[in-house]
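A short write-up of the structure that comes next.
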Amino acid sequence: MRRLPRKDILGLEEISTQEMDIILATARSMKELVQSPVKKESSLKGKVVINLFYEPSTRTRSSFELAGKYLGGDVINITTATSSVVKGESLLDTARTILMMGCDVLVVRHSSSGSPHFLAQHLSCSVINAGDGMHEHPTQGLLDLFTIRDQLGSVAGKRVVILGDVAHSRVARSNIWALTKFGAKVTVCGPKTLIPVEVRSLGVEVSYDADTALAEADVINVLRLQLERQHKGLFPSIREYHAGWGLNQRRLNLAKPGALVLHPGPMNRGVEISSDIADGDQSLIEEQVTNGVAIRMALLHLLVGEVARDE
Amino acid sequence: MSKLSLTVFPNYQEAAGELTSFSPSLLLQKGRLLDPQQGLDAVGDVRLQGDKIVQVGNNLPPLAGERVVSCQGLVLAPGFIDMHVHLREPGYEYKEDIASGSQAALAGGFAQICCMPNTYPICDNRSVVEFIKQQAAHANGAIVWPIAAITKGEAGYELSEMVELRQAGVVAFSDDGRPVINGEVMRNALEYSSMLGVPVISHLEDPYLSEGRVMHHGAVSTRLGLKGIPAAAEEIMAYRDLQLAKLVDGQIHLAHLSAAGTVELLRQGKERGIKASGEVTVHHLLLTHEMVAESGYDSNTKVNPPLRTEEDRQALLVGLREGVIDAIVTDHAPHHLDDKRMDFDGAAFGISGLDVAVALILSRLVSRGELSLERMITAFTTGPAQILGLTPPSLTPGSSANITVLDLQLTQEIAATALKSKGKNMPYLGWTLTGWPVMTIVRGKLYAHPSLA
Ligand SMILES: [Zn+2]
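Top to bottom, those sequences are chains A and B.
Counting from 1, position 231 in the first sequence corresponds to residue 211 in this note's numbering; the numbering is continuous, with no gaps.
Counting from 1, position 157 in the second sequence corresponds to residue 158 in this note's numbering; the numbering is continuous, with no gaps.
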């Protein structure tokens, strides 16, 4: 009973606005379920969701886990610490073993871009990309879109600044696809070493000056900075990064009044975002977490769930 | 065509006695003889005796007991050379061995191939060279010329024993698979090898710009989130090596050009009188980085140097047409399925190519008018021969009986099961090509493509 014309969710590049509208509408009703006192549905009853995580992630993994459980499915977590990955088993063999155990949806996170595509080509179950290398993090892109629409109604014509390490960010790419497809004006901003010039081909503006980029922004999506990038010589120091591209109160004041602040987490407080902003009125960071569960419920439901009686 | 029902015939051994006792001679009748170096393009007959071409002419009357093969409608060209292949033996026989690789060469229309030294152990000493020659002699395949390492163990420090290696029969020196990082070592290699009259083949790669990177750096890598190798990683080393060759009057050959900038550097280098040459692979002539996206991260598109942009591809084609680039090669890099069937970052670099290279060039470039048949033949014969100091293949009487026979009309699909190479790792599987090599003659021995059986 799939209501999306696809087996897998690998990236937002290939997902149409119509499909995203379906996903977001479903997520809307899922959010009501999450916020209700009794969070049990049975759409995923008898279905097995397996989280296969090759990178540590508490947030995304538990979000998928709760999403599956709220819908009555069985969810199993396999992380690198517990899996036979450490014994040198290949990605495909691990996934095939999982499939043979009777998996309906494989949620995979891997440090190598394209690995969910590789698995999807070889496995008959649905594959959801929970973040692949520097490529895409489609559920994050959808939940960010959901969160922004929740506040602004529509993103068409809105100015969204993606601030930080765009080069290495799968969150950035999924956000760019989701937002530009719905007509948002997206600017990516960060130090030049973290913004590949070719990113323009994705339909975004590029800026290296945060003060200029933030002027008239409706939304600021702050990316997590991987601190080890400094040792690779991509920027000189945390201090200089924060001074140049960190989101603080002075910079936020340059944006439109009431501009929305998002961050995919986990945050480096005082590096890419100062604490007062993260915890301030304009921050939607906690809202994003709840919406993340709703989006993941929507996807699981749309990919393998039973059609509800009232539909 | 029923005469060609044997896959390999006559299955001569090297010994002259056996050769003559099997058949006195072989007559190839009414083929289109195409030997650009001689300015020859005419229908005619070629008679082979032993390992030599003995007669070329019109309507040669068959001799008593002579084997006659009709070549009507086929092109007879001097036997092709692929100067850049990886045969994996010794050490990685599960990927390829000298027998399977040299037979893939035959099937693909190559009479001679040159194998790179990055085996295990590395071909950096006489005993490995002798081993390769011995295996090749028993392989019933194309002629195999070993290339030895520039430095011991391809480690980049001490020169290999180049004089002895040359005496053992190597035709070039290369640390292919990795660059010679230290400019001083490269300088010495070029200077020392210039006593021997063979080139140093440089694998152009600044490792600091390529480490951990898996495809061309550009719009596609940005979209796919794959780490990109910039063209500068190649261009920087090309310029360094050209300058070093100039400094010591050495002979430099630039391996697998992939970037427009490198073509330009080679052009300028030649104009400045540097003893420089260059090669381009079949995959760089045909494919671009878009293929990585179109294939959905298929690791068979992962190759080093990476597939680059359409502008780069066009520049390579122009360079080849104009003779800036001297040779077409496969950089045949066979891998086992286990080395490729994984995520893109983890998969091995390389494309298997010997079986299909000539057919790909014929079908995708020559038949579309992007490359002349004559230029293709030169880039597979005289081009590499001159670089390596080999006798240029020729159809003139007295030449070695090495001949490549092409059927420009034959249409066939590339099927993994038909490949002689153990390496099925190529992004061309399922492609239908028109124009195939159908016979390869090596030292008078004739190999007919199984499709004619
Ligand atoms: Zn190489």
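Note that the Cβ used here is the ideal one computed from N, Cα and C, for glycine as well.
Predicted, not measured: the structure shown is a model, and the values here were computed from it.
Can you find a CB in chain A that lies within less than 8 Å of the CB of THR223 of chain B? yes
Proximity test, Cβ basis, 8 Å: ARG314 of chain B and chain A: no
Taking 7 Å as the cut-off, is the CB of ALA256 of chain B close to at least one heavy atom of ligand 1? yes
Straight-line Cα distance separating LEU143 of chain A from ARG76 of chain A: 39 Å
Is there at least one non-hydrogen atom of ligand 1 closer than 7 Å to the beta-carbon of ASP356 of chain B? no
To the nearest angstrom, report how far apart ALA278 of chain A and VAL87 of chain A are at their CA atoms. 14 Å
Cβ neighbours of PHE44 of chain A in the same chain (closer than 6 Å, five flanking residues each side left out): ASN31, VAL87, ARG276
Start-to-end residues for the alpha helix (DSSP H) that takes in LYS31 of chain B: Where LYS31 of chain B is concerned, there is no enclosing alpha helix (DSSP H), although the beta strand (DSSP E) it sits in stretches over 27 to 36.
Please report the distance separating the alpha-carbon of ARG89 of chain A from that of ASP177 of chain B. 35 Å
Backbone CA spacing between LEU197 of chain B and ASP299 of chain B [nearest angstrom]: 43 Å
What ranges does the beta strand (DSSP E) occupy inside the segment 425 to 452 of chain B, keeping only unbroken runs of at least 3 residues that lie completely in it? 433 to 443, 446 to 449
Could you check whether the Cβ of GLY424 of chain B sits closer than 7 Å to any heavy atom belonging to ligand 1? no
For ASP177 of chain B, verify whether its CB is less than 7 Å away from any heavy atom of ligand 1. yes
Helix, strand or coil: how does DSSP classify VAL86 of chain B here? strand
Every unbroken alpha helix (DSSP H) within the segment 288 to 362 of chain B, with a cutoff of 4 residues, ordered by chain: 291 to 295, 311 to 323, 338 to 341, 358 to 362
Measuring CB atoms only, is the segment 66 to 86 of chain B touching the segment 323 to 332 of chain B, in the sense that at least three cross pairs come out at less than 8 Å? yes
Is it buried or exposed for VAL18 of chain A, if we count other Cβ within 10 angstroms and need 16 for buried? exposed
Assign LEU227 of chain A to one of three DSSP states: helix, strand, or coil. strand
Please decide whether LYS(-13) of chain A counts as near chain B, where near means a Cβ-Cβ distance under 8 Å. no
For chain A, find out if any of its Cβ atoms is closer than 8 Å to the Cβ of LEU227 of chain B; answer yes or no. yes
Which residues mark the beginning and the end of the alpha helix (DSSP H) in which GLU162 of chain B is found? Unbroken run through GLU162 of chain B: none, as it is neither H nor E.
Tell me which residue opens and which closes the beta strand (DSSP E) that PRO147 of chain B is part of. 144 to 147
For a contact defined as C-beta to C-beta under 8 Å, what are the partners of VAL179 of chain A on chain B? THR223
Helix, strand or coil at ALA274 of chain A [DSSP, three-state]: helix
Nearest chain E C-beta to MET343 of chain B closer than 8 Å, yes or no? In the structure shown, chain E cannot be found, because the protein chains are A and B.
What does ASN201 of chain A pair with, by DSSP beta-bridge criteria? A:ILE142, A:LEU242
In its own chain, which residues sit with a C-beta less than 8 Å from the C-beta of LEU99 of chain A, not counting the 5 before and 5 after it? LEU71, LEU72, ALA75, LEU86, VAL88, VAL107
Can you name the residues that DSSP bridges to ILE108 of chain A? A:ILE(-11), A:VAL87
Same chain only: Cβ atoms within 7 Å of LEU205 of chain A, ignoring 5 sequence neighbours per side: GLY144, ASP145, TYR221, ASN248, VAL251, GLU252
With 8 Å as the threshold, decide whether the Cβ of LEU214 of chain A is near any Cβ in chain B. no
Nonlocal neighbours in the same chain, by C-beta distance under 6 Å from ILE237 of chain B, ignoring five residues either side: ASP207
Helix, strand or coil, according to DSSP, for SER(-4) of chain A in the structure here? coil
Buried or exposed: where does ARG273 of chain B fall if 16 or more other Cβ atoms within 10 Å of its Cβ makes it buried? exposed
Anticipated Cβ contact below 8 Å, LEU321 of chain B with ALA380 of chain B, distance rounded: 6 Å
Measuring CB to CB, does PRO438 of chain B end up less than 8 Å from GLY45 of chain B? no
Contact check, LEU396 of chain B vs LEU77 of chain B, beta carbons under 8 Å: yes
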